[in-house]
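Top to bottom, those sequences are chains W and P.
No gaps in the numbering here: position 279 of the first sequence is 277 in my numbering, and each next residue is one more.
To get my numbering, take the position in the second sequence, counting from 1, and add 54.
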Amino acid sequence: MEGASSNGVLSKLSLLEVEARSRGSHPQPQQSRVKELKAKVEALKTKRDQLKAELQTHKLLQRLRLSEVNHSEEEDMDEDSESSRVLRLMARHSELTDLLRAHRLIGGYEVVKTHQGKGVCMSIATGYEGVYLDTYNLEMDTNPKVRISRHNIPPFIPLDTLAEQSDLQTGIRTFLDTLSQHLNAYVGRRQQLKLMKEQHKSVEVMESNILCSMLVLMFTMPEQVAVLCLLDYKDLSRCLPTQVKLDCEDEKLTDSPQWKKSCSLLLELPVHRALTAMKKMGTVV
Amino acid sequence: MLKATLEKWDRLTPHQRQSVDFTLPKWVITQTLVTICEENGLTMKHITELEMMHVIENPNQGTWYSFQLLDPEDDAHSVELMLFKEQFKTHLRELMRNVSIKIKKHTDEAVWIRIAWGSGFSRPNHLKPTYVVHYLQSPYVFVRNLTSKLKPLLMQSLTLSTRHQAIKDANLSGPKLMAIRDLLMKQYQQSFPTNDASPLAKENQPGPIVNEQAEARASRRRMASEAFGKGAVPQLQSAVYKLETKYRDPSNRTMTERDEPFRCVVKYSSSNILESFRHCASAGIASTPVTPLLSSILLKGRNYFVITDNAPAAASQTRQADL
């Protein structure tokens, strides 16, 4: 019951009465209110000055970047050399960030800092014929040596060999370019196979492999002649085959000009397009 | 399951298939099938074909062990199926005369090998075949039901026929073939840091109610998915840590004073341990950043670790147990 009396309605009322009595003098609340408002004004003033300073810095950075592009004399900088150096660095930094963003937009790779600057993460985008396909990522430690720590690149892409060939410490750009080539080529070959299966249902895939580096197809020529076609993609950085072999039972056909034309089409065009062309020519049913 | 395989096998007439009553006890079904097969004049060759088909469709029995091929020769990348089949059969037959080998390529580019082992004097034992799965041009091989006596024979044939110089234990095993395959072939979603703005998945909390720990929670979730993947993870069922470290407990002097390491084995099991670990980390039960002991499962693609004092993260010692 004691607890109830300190929390009950009557106690609440008596508290309010005490408050009302202490608020006897009128000027007090007004004064405190005025103080409050003055403090707020100060805070807003400092914020305004801060924003003005930031705006100034940005304007100077813009001028710096433009001046570097136009190779013109620097604008009159009345600050001392320390802050002008900082501004130059900031200008360069924003330039590089924009460049990186642009590079990524055109389908190149993107670099992101991780682990408070102790590592980087590269993202390589792949695509074929204007369609964006998979994105592959590599996380690397930069201290003490450049080393790949985590990635989602499939094991049949020779990542270790490529890393050895171009020295990761100095030639990381070459490594990324070669890796991007290999990945794009693999994805391209895989996409070609998928498109071929969709567009040419009459062509049978006898053999393929997980790296899409070899393809054996069977299609029929007019008069029910079955042709076995072997496509070898020995150069893993390319989407087109390095060797084409066509085989059929009828010996005479192998010498015909149509045959040679088909071989060259399969070497020059992606497989789904080559088959479309061959169908148009009437070589393939 | 067997019913579906029998249909696919296509060596029995529909009438014969219908005459098999799958609600009867196992030995009755077996008897019926044996009679039907004898009627059709089917031989061991056909039965092994049926068994292989069944195993390919339902691989999640027994335990699959993974191996990694090392040091490929220059022409390893151009090994194609015909050549591999020929070479493997030749090499294995050179090492053991009485073997029955069946090689089949599955639609997902996997090469399945069924081996029934005999010995110098006896015919192949078809009741305990070894199954091997390999993806050409990838370095991994998955094996089920291989005794340690026959292991060197298989390993040598595989190494030679895939044009590599060595093979080692990959320290990853489990009952689900697809799970360990997805893990090693990196066919699961990983989470990487990017500059993209995170999607607007934030909860719309009304007015003054603010989640005090929103940042901490988001960071835990991020670290958990970086260590254990995003979305559906491969269904691993266990992780084993064999500890060979010295006992460390300041309150227990007798144990700490011993010179030899305190040997013990820590085993985590669950129907999906990666999912469990991920949940523990994002809920805050496991500390984040995730310890490398746990994140190595996905990072190094293994679930058997030997921890010694010199190398606290995974040591590359192979297991001694029988397969």
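Even for Gly, the Cβ is constructed at its ideal location relative to N, Cα and C.
| query | result |
| --- | --- |
| Interface residues of the region 119 to 145 of chain W facing chain P [CB-CB below 7 angstroms] | 119, 121, 135, 137 |
| Against chain W: residues of the region 175 to 194 of chain P by CB proximity under 8 angstroms | 189, 190, 191, 192, 193, 194 |
| Residues that residue 120 of chain W bridges to, as DSSP identifies them | W:109, W:136 |
| Residues that residue 131 of chain P contacts on chain W, provided the C-beta gap is smaller than 9 angstroms | 154, 156, 209, 211, 232, 234 |
| Against chain P: residues of the region 181 to 201 of chain W by CB proximity under 8 angstroms | none |
| Short Cβ contact (8 angstroms threshold) for residue 153 of chain W with residue 240 of chain P | yes |
| Proximal chain P residues relative to residue 112 of chain W, where beta-carbon distance stays under 7 angstroms | 247 |
| Beta strand (DSSP E) segment containing residue 217 of chain P, residue limits | Note, residue 217 of chain P: premise wrong, no beta strand (DSSP E); not H, not E. |
| Assigned secondary structure, residue 334 of chain P (DSSP; H/G/I helix, E/B strand, else coil) | helix |
| Beta-carbon gap between residue 282 of chain W and residue 273 of chain W smaller than 8 angstroms | yes |
| Assigned secondary structure, residue 112 of chain P (DSSP; H/G/I helix, E/B strand, else coil) | coil |
| contact_flag[the region 164 to 184 of chain W, the region 112 to 125 of chain W] where n(CB pairs < 8 angstroms) is 3 or more | yes |
| Assigned exposure category for residue 268 of chain W - 16 Cβ within 10 Å defines buried | buried |
| Inter-residue Cα distance where the pair is residue 312 of chain P and residue 361 of chain P | 18 angstroms |
| Residue 241 of chain W, DSSP secondary structure in three states | strand |
| Ordered list of alpha helix (DSSP H) runs contained in the region 55 to 97 of chain P, each at least 4 residues | 56 to 63, 68 to 72, 80 to 93 |
| Beta-ladder partner(s) of residue 296 of chain P, from DSSP | P:319, P:360 |
| Residue environment, residue 88 of chain P, which counts as buried when at least 16 other CB atoms sit within 10 Å | exposed |
| For residue 62 of chain P and residue 107 of chain P, believed in contact at Cβ under 8 angstroms, the rounded distance | 6 angstroms |
| Own chain partners of residue 15 of chain W with C-beta closer than 8 angstroms, once the 5 adjacent residues on each side are dropped | none |
| Those residues which DSSP pairs with residue 197 of chain P across a bridge | P:119, P:186 |
| Alpha-carbon to alpha-carbon, residue 353 of chain P and residue 339 of chain P | 21 angstroms |
| Three-state secondary structure (DSSP) of residue 226 of chain P | strand |
| Cβ contact (3+ pairs, closer than 8 angstroms) linking the region 288 to 295 of chain P and the region 219 to 229 of chain P | yes |
| Interface partners of residue 222 of chain P on chain W, CB under 8 angstroms | Per Cβ cutoff of 8 angstroms: no residues; residue 222 of chain P is ~14 angstroms from chain W at best. |
| Candidates P:246, P:208, P:264: closest to residue 117 of chain W by CA position | P:246 |
| Counted within 10 angstroms of its Cβ, other Cβ atoms place residue 97 of chain W as buried (16 or more) or exposed | exposed |
| Beta-carbon proximity of residue 155 of chain P to residue 149 of chain P, cut-off 8 angstroms | no |
| Contact under 8 angstroms by Cβ, residue 144 of chain W with residue 167 of chain W | yes |
| Whole-angstrom C-beta distance between residue 134 of chain W and residue 151 of chain W, which should lie under 8 angstroms | 5 angstroms |
| Residue environment, residue 285 of chain P, which counts as buried when at least 16 other CB atoms sit within 10 Å | exposed |
| Of the residues W:216, W:169, W:201, the one placed nearest residue 226 of chain W, counting alpha carbons only | W:216 |
| Identity of the residue in P:117, P:274, P:359 nearest residue 298 of chain P by Cα | P:359 |
| CB contact below 8 angstroms: residue 162 of chain W versus chain P | no |
| Ordered list of beta strand (DSSP E) runs contained in the region 208 to 257 of chain W, each at least 3 residues | 212 to 219, 223 to 230, 241 to 246 |
| C-beta contact flag for residue 131 of chain P and residue 178 of chain W at 8 angstroms | no |
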